[in-house]
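Below: the structure, in structure tokens.
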């Protein structure tokens, strides 16, 4: 992947995470987002395919915790857990 494309994807990812944090109305300090959902959101909004490795290895994305959870159909689903305070300035 070209370095400029990688930087652009990371910027779009940060924007998408910030938007999700702003839309979340719960009082929890942490939010869980399915990785498939965030990848699809970036693809739809900005036309970039967000590689999964970019989520794991980007130095600009703060403190993302990866978890595996069971969904409604008992399939393993990858989730990212982030702190709202890392992306929203209060």
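In the numbering used here, the protein residues as written are 70 to 159.
Each residue gets a CB set at the ideal place from its N, CA and C atoms; glycine is no exception.
None of these values were measured; they are calculated from a predicted model.
- Between residue 102 and residue 149, the CB-CB gap stays under 8 Å.
- Pairing residue 156 with residue 137, the inter-Cα distance amounts to about 22 Å.
- In this structure, the beta-carbon distance from residue 99 to residue 151 falls below 8 Å.
- Remark: C-beta atoms of residue 85 and residue 104 do not approach each other more closely than 8 Å.
- Between residue 139 and residue 107, the alpha-carbon positions lie close to 17 Å from each other.
- In this structure, DSSP gives residue 99 an extended state, which the three-state scheme calls strand.
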